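Its first residue numbered 10, the sequence shown is counted upward by one per residue in our numbering.
C-beta: ideal position from N, C-alpha, C; glycine also.
For clarity, every value in this text was computed on a predicted model and none was experimentally measured.
Okay, so here's the structure we're looking at.
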Amino acid sequence: MSGFDYDLIIVGGGLVGGSLALALRNSPLRVAVVEALSEDERRSSPAGRRALALAQGSAQILNQLGIWAAIEPAATPIAHIHVSDRGHFGKTHIGAEREGVSALGYIATARDIEDRIVAALGQGSADLLHPARVIGLRAGDDRICVTLKHGESHQNLTARLIVGADGGNSSVRKLLDIGQSMREYGQTAIVVEVSTERDHRCTAYERFTPSGPLALLPLGKKRCSVVWTLSNADAEELMGLPESMFLDTLQETFGYWVGRLALVSSRERFPLRLIQAARMTDRRVVLIGNAVHQLHPVAGQGFNLGLRDVAQLAEMLVRRTEFGEDIGDEAFLKSYATARKKDLDSVVFFTDGLVRLFSNSFPPLALARNLGLLALDCWPGAKQLLARHAMGLARRIPRFG
Ligand SMILES: Cc1cc2nc3c(=O)[nH]c(=O)nc-3n(C[C@H](O)[C@H](O)[C@H](O)COP(=O)(O)OP(=O)(O)OC[C@H]3O[C@@H](n4cnc5c(N)ncnc54)[C@H](O)[C@@H]3O)c2cc1C
10 MSGFDYDLII VGGGLVGGSL ALALRNSPLR VAVVEALSED ERRSSPAGRR ALALAQGSAQ
70 ILNQLGIWAA IEPAATPIAH IHVSDRGHFG KTHIGAEREG VSALGYIATA RDIEDRIVAA
130 LGQGSADLLH PARVIGLRAG DDRICVTLKH GESHQNLTAR LIVGADGGNS SVRKLLDIGQ
190 SMREYGQTAI VVEVSTERDH RCTAYERFTP SGPLALLPLG KKRCSVVWTL SNADAEELMG
250 LPESMFLDTL QETFGYWVGR LALVSSRERF PLRLIQAARM TDRRVVLIGN AVHQLHPVAG
310 QGFNLGLRDV AQLAEMLVRR TEFGEDIGDE AFLKSYATAR KKDLDSVVFF TDGLVRLFSN
370 SFPPLALARN LGLLALDCWP GAKQLLARHA MGLARRIPRF G
């Protein structure tokens with residue numbers, strides 16, 4: 010470790026915190042990343058197997074981070090998105106060709122992305138402190154003091170700004186007593202990899218079922234990642250079934266769009282809830298990624314949104330540093346929060362609305378959503394708008410390189 014006073018300490022070296030450290034690697038800022046997991050724990054965590062849908066805008070940000078060229082060969086491009094409502098008439102299709110792009114987005118596992126981030130961080134100048142947890146924060150006028158716990162020993166560090174990127178259960182948020190709103194969806198996502206009998210033709214399927222949405226995301230040749238959202242009780246029951254019975258239920262629910270499915274990994278489960286921090290900033294602290302917004306995965310937006318937090322914050326930090334100004338002062342943090350608010354509110358509203366609309370079998374609502382899907386399919390303008398949002402291209406992408 011090079012010293013105990015930094016410009017910036019990032020708490021949480023996951024997908025979002027690690028990306029921010031990379032975004033700042035060419036800046037003169039002295040950066041430390043504090044991560045609770047050891048490298049072995051990170052590598053063996055089953056959470057790394059979840060497949061993430063990356064918007065085109067996210068690929069552009071990862072490119073600015075210098076790691077897209079390494080991620081792309083392991084990622085599957087999405088050529089088509091197919092949305093349907095099981096047992097109803099509504100469905101819609103969005104195609105890359107019709108939108109004039111080579112891919113609508115990409116699917117990669119969280120581990121593929123994390124591995125590239127960790128490898129690039131290893132060659133950068135940020136100090137990586139792990140395994141270590143933040144257990145105390147005390148803000149002063151021009152510095153903030155952070156207490157870390159490594160095993161049984163404690164250590165104090167200071168910085169001009171702390172970035173809390175420590176996930177949905179954020180310790181930074183809790184230590185600062187920042188309120189949070191939490192919506193329990195009463196749902197769990199079961200994630201499992203399957204092989205497919207027929208070629209998926211790079212199609213991401215989103216199938217809404219009475220028990221919740223079921224996504225089949227293309228992940229390599231004749232391979233897909235299933236993200237199946239169910240009520241907690243149904244998920245519990247399905248996790249308890251022998252593999253063959255689980256597969257039969259999956260096949261029956263999804264149908265035969267890609268022929269017969271076979272399981273190629275064990276099942277993992279993720280409890281789903283919406284967590285929103287009451288505010289993004291505090292004295293000399295800013296929260297990003299899941300620490301400020303943990304979303305339902307139905308629209309595949311959590312990491313995409315977190316990357317946009319990273320790009321915005323990095324752009325503003327780089328500019329501020331060029332002018333030699335304090336990166337932790339209140340006016341600066343306020344301007345960051347203002348810049349991010351609209352994007353964040355609209356994604357939370359859209360994702361939460363989608364969960365409620367498509368997890369409900371109340372007949373008038375089912376009719377309305379099917380008419381909506383049908384209208385979307387017939388109205389190219391609306392579909393194009395949706396596609397641009399899904400691709401993460403509806404907004405300017407900040408530049409920080
Ligand atoms: C089933 C599922 C499917 C998903 N699909 C998509 C998708 O298709 N597209 C998409 O964009 N998003 C998707 N998401 C969301 C995406 O995974 C998250 O938005 C993303 O992982 C958030 O990254 P993060 O770095 O903010 O948080 P995390 O990934 O939770 O990382 C937080 C890090 O902080 C560390 N940490 C925690 N506490 C401390 C502490 N006290 N001190 C130090 N370190 C600490 C943790 O060890 C961890 O490494 C999905 C999520 C799930 C569960």
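**Report entry** Supposed close pair Tyr115, Ala84 - CB separation, criterion 8 Å
**Finding:** 4 Å
Query raised in the report: Rounded C-beta distance between Ala141 and Val43? I'm assuming under 8 Å.
Result: About 5 Å separates the two Cβ atoms, so the contact holds.
Query raised in the report: With distances taken between CB atoms, is the gap from Ile19 to Val155 smaller than 7 Å?
Result: no
Requested in this report: Could you tell me how far apart the beta carbons of Glu123 and Gly57 are, in whole angstroms, since I believe they sit closer than 8 Å?
Outcome: 6 Å
**Report entry** Residues of its chain near Met289, where Cβ-Cβ distance is below 7 Å and the 5 sequence neighbours each way are ignored
**Finding:** Val295, Leu296, Val301, Ala346 and Arg349
Query raised in the report: In whole angstroms, what separates the C-alpha of Ile30 from that of Pro407?
Result: Checking the sequence shown, residue 30 turns out to be Ala, not Ile. Those two C-alpha atoms are separated by around 16 Å.
Query raised in the report: To which residues does DSSP link Ala64 through a beta bridge?
Result: Gly114
Query raised in the report: Under a Cβ-count criterion, where at least 16 other Cβ atoms within 10 Å of its own Cβ denotes burial, should Arg293 be classed as buried or exposed?
Result: buried
Query raised in the report: DSSP three-state call for Gly177: helix, strand or coil?
Result: coil
Query - Check: Gly23 C-beta below 6 Å from any heavy atom of ligand 1 - result: yes
**Report entry** Same chain, Cβ closer than 6 Å to His102, five either side skipped, listed in chain order
**Finding:** His91
Query - beta strand (DSSP E) segment containing Ile80, residue limits - result: From DSSP, Ile80 is part of no beta strand (DSSP E) but of the alpha helix (DSSP H) over Trp77 to Ile80.
Requested in this report: Give, in chain order, every unbroken run of the beta strand (DSSP E) that is at least 3 residues long and sits entirely within the segment 269-314.
Outcome: 270-272, 277-286 and 294-296
Query raised in the report: Any heavy atom of ligand 1 closer than 6 Å to the CB of Glu50?
Result: Relative to ligand 1, the beta carbon of Glu50 is positioned no closer than 6 Å to any heavy atom.
Query - Within 7 Å, strictly: CB atoms of Gln303 and Gly177 - result: yes
Requested in this report: Would you check whether ligand 1 has a heavy atom nearer than 6 Å to the C-beta of Asp175?
Outcome: At least one heavy atom of ligand 1 falls within 6 Å of the beta-carbon of Asp175.
Query - Closest Cα partner of Val25 within the set Glu193, Gly131 and Arg317 - result: Arg317
Query raised in the report: Quick one: Cα of Gly12 to Cα of His163, how far?
Result: Here Gly12 scores only 48 on pLDDT, less than 50, and its place in the model should not be relied on; the value that follows carries that caveat. Cα to Cα, the separation comes out at about 15 Å.
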